[in-house]
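Student: Let me begin by handing over the structure; questions about it come next.
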Amino acid sequence: MPEPTPLPRSFFDRDPLVVAPALLGTVIRHSQAGQVVEVRLTEVEAYLGEGEDPASHSHRGKRPRNATMWGPPGHLYVYFTYGMHYCANLVCRPEGISGGVLLRAGEVITGLDVARSRRPASKRDIDVAQGPARLASALGFGREDDGRDVCGGGSLLVLPGSGAGKVMSGPRVGVAAGAQSPWRYWIEGDPTVSAYRPAVPRRRR
DNA sequence: GACGTGATTGTA
DNA sequence: ACAATCACGTCC
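Residue numbers in the first sequence follow our numbering, run continuously in steps of one, and reach 289 at the last position.
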């Protein structure tokens, strides 16, 4: 069968609230050192821009860490958190306007052996990319992947999926600010969707 | 439920 | 300078 055409930049040049649900069922393909891993997205979260979304990394303006969010659409924004995890977003909206979609979970459909070797703690196939840091690890993303183009026909692509089934939405995971906004989207009933965890209510001293 | 781990940011 | 926070995962 013919090789599918990757999602064009125009796909990402829209509001994250539109892009996020549209990404469900699409496939992230990353080839690294001749090894290909493909993840079919089952869960994402939309993050709006500067001054619009208190939960977004971009909310308080451009910094070295989050600068990619202001770049052109269709690029990968990777950040490091909790001293040990990487998480990946896809940048949305025109250059100069921040916003993106956090890749929260997916199903590894190609290269499961490679993905598992990157995630030795995983117990079952469904938890290899179940959670944003797990997904980033399974795809082999790190600091050096921040800013990479996913529409340039290179070793990192987003391919159209074969449908997402029923899409559900609800509050974002671990987010206190803006918790009322139902900007997490997932495929109903998919076993790779991560467990919902409310924001920790702010540790008391 | 506790805790790791370090960058980042707000406060002083 | 210092302290709190953090779009999380793992093990108890």
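A virtual CB, placed ideally from N, CA and C, is assigned to each residue, including glycine.
1. Can you have a look at Arg289 and say buried or exposed, based on whether 16 or more other CB atoms are within 10 angstroms of its CB?
2. Any chance the region 104 to 117 sits against the region 143 to 155, with 3 or more Cβ pairs inside 8 Å?
3. Going by the CB atoms, is the gap between Arg93 and Gly158 shorter than 8 Å?
4. Does the beta-carbon distance from Arg302 to Glu191 come in below 8 Å?
5. Around the Cβ of Arg147, are there at least 16 other Cβ atoms within 10 angstroms (buried) or fewer (exposed)?
6. Check whether the region 177 to 185 touches the region 132 to 144, taking contact to mean three or more Cβ pairs, one atom from each stretch, closer than 8 Å.
7. Between which two residues does the alpha helix (DSSP H) harbouring Val198 extend?
8. If I follow the unbroken beta strand (DSSP E) through Ser140, where does it start and stop?
9. When you compare only the Cα positions, how much space is there between Val198 and Ala172?
10. Would the region 255 to 274 count as touching the region 90 to 107 if we require 3 or more Cβ pairs under 8 Å?
11. Assign Ala292 to one of two classes, buried (16 or more other C-beta atoms within 10 Å of its C-beta) or exposed (fewer than that).
12. For my contact list, Leu186 and Tyr131 are in at a C-beta cut-off of 8 Å; report their separation, rounded to the angstrom.
13. Does the beta-carbon of Arg256 have 16 or more other beta-carbons within 10 angstroms, so that it is buried, or is it exposed?
Tutor: By the coordinates alone:
1. At Arg289, the pLDDT of 37 sits below 50, so the modelled position is not reliable; the number obtained from the coordinates is stated separately. The Cβ neighbour count for Arg289, taken over all protein chains shown within 10 Å, is under 16; the residue is labelled exposed.
2. Between the region 104 to 117 and the region 143 to 155, the count of C-beta pairs closer than 8 Å stays below three; the two stretches do not touch.
3. Against a cut-off of 8 Å, the Cβ pair of Arg93 and Gly158 comes out as a contact.
4. Coverage of the chain is limited to positions 85 through 289, which leaves residue 302 absent and any answer about it impossible.
5. By the neighbour-count rule (16 or more Cβ atoms within 10 Å), Arg147 is not buried but exposed.
6. A contact between stretches requires three or more CB pairs, one per stretch, nearer than 8 Å, and the region 177 to 185 meets this requirement with the region 132 to 144.
7. Unbroken alpha helix (DSSP H) run through Val198: Leu196 to Arg202.
8. Ser140 -> no beta strand (DSSP E), and no H or E assigned at all.
9. In this structure, the straight-line span from the alpha carbon of Val198 to that of Ala172 is close to 19 Å.
10. At 8 Å Cβ cutoff, the stretches touch.
11. The structure shown does not extend to residue 292, since the chain spans only 85 to 289, so no value can be given for it.
12. Your pair Leu186 and Tyr131 checks out as a contact, with CB atoms roughly 6 Å apart and the cut at 8 Å.
13. Around the Cβ of Arg256, a 10 Å sphere holds 16 or more other Cβ atoms; the residue is buried.
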